[in-house]
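In the numbering used here, the protein residues as written are 1 to 270. Yeah, the Cβ is synthetic: ideal placement off N, Cα and C, and Gly gets one too.
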C-alpha cells in the first residue's frame with residue numbers, strides 16, 4: 001500500500017486531535033495508563049545518553065558518504081539491492097526520530113524487559129535507545145540489509161554495547177527460528193516493513209511468546225490506510241487488554257485483570 005500524502009496525513013491528524021485526550025493525563029481513568037503516561041510517556045526528562053546517540057545521528061546527517069545496499073529481500077526499508085543510499089537519508093528519514101527514540105528508552109528503562117526484539121535495525125539508532133536503557137536485558141535486532149546493518153554494528157562497538165545481537169535476515173526467515181531459541185519476548189519494537197498484512201503476520205508469529213507483562217510498540221501505524229487498518233485489527237484482538245495510540249506509533253499491553261481499553265494520547269510533536 002502506498003504511503004499517505006501530506007494532505008491525507010494532515011486530515012488524519014485533525015481527526016486524531018479531535019478524539020485524543022489532552023496532554024497532562026487529564027481524562028485518563030485507568031490507573032495503569034495514567035501512571036504510565038504521567039511518569040513515563042509524557043515526561044520530557046533528558047538523559048545523558050540521548051546527547052551521545054543524537055550526536056551519532058548528526059554525524060551521519062552531515063556526512064556525504066553513500067553505501068550500496070545489500071538487501072537480502074525485496075524492498076526492505078524502502079530500498080533495493082545495488083541501490084546507492086546516502087547515510088544522511090538513513091539517519092534523517094529511515095531511522096526513528098529523536099522523540100520516538102526517547103520514548104523507546106523510557107519504556108525499556110521503566111519495564112526492565114529481559115528479552116527484547118526489534119524488527120528493523122536500520123543504522124542502529126533505535127537499537128541504542130532500547131539497549132542502553134536496559135543493560136541487563138538482551139536485544140535481538142533484525143535487519144534485511146547487510147550494508148546498513150554493518151554501519152549499525154560498528155556503532156554498537158564504538159558505544160561498547162554488549163547486549164545487542166544484530167541479525168542479518170528477513171523477518172519471515174528469522175522470526176520462526178527465534179521462536180525456537182527464546183522462551184518469551186518482554187519488549188518488541190516492530191518497524192522496518194510498512195505493510196499491514198505483514199504486520200499482522202509478524203504479530204501472529206510472536207504472539208505465543210508474549211506474556212502478561214510484555215510490551216509491543218508498533219511504529220508508523222498511519223503510514224498508509226493498510227497499516228492503520230492492521231493496527232485497528234491488533235487493538236481489537238481479545239488478548240490486547242490495553243492499547244495506546246500516540247498518532248505515529250502505538251503501544252500494546254496484554255495484562256490480565258484489566259478491563260479492555262483503548263486510549264488516544266498526545267506525545268512529542270503530536
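Per DSSP, the continuous beta strand (DSSP E) segment holding residue 261 begins and ends at 261-264. Going by DSSP, residue 243 is part of the beta strand (DSSP E) stretching over 242-245. Taking C-beta atoms as the reference points, residue 113 and residue 183 fail to come closer than 9 Å. Nearest Cα to residue 247 within the set 48, 144, 70, 16: 16. Looking at the DSSP output, residue 71 bridges to 145.
Membership of residue 14 in the alpha helix (DSSP H) is indicated by the continuous run 6-19. Rounded to the nearest whole angstrom, the CA to CA distance from residue 36 to residue 111 is 10 Å.
With a 10 Å radius around the Cβ and a threshold of 16 neighbouring Cβ atoms, residue 10 comes out exposed.
Within the region 215-254, the runs of beta strand (DSSP E) that reach at least 3 residues and sit entirely inside it are, in chain order, 242-245, 250-253. Secondary structure of residue 25 (DSSP, three-state): coil. Ranked by Cα distance from residue 20, the first of 131, 261, 269, 245 is 245.
Residue 194 counts as buried, since no fewer than 16 other beta carbons sit within 10 angstroms of its beta carbon.
A distance below 9 Å separates the beta carbons of residue 101 and residue 53. When beta bridges are read from the DSSP output, residue 48 appears opposite no residue. Going by C-alpha positions, residue 46 is about 22 Å away from residue 251.
Pairing residue 257 with residue 208, the inter-Cα distance amounts to about 19 Å. The beta carbons of residue 192 and residue 122 sit closer together than 9 Å. Cα atoms of residue 70 and residue 175: separation of roughly 20 Å, rounded to the nearest angstrom.
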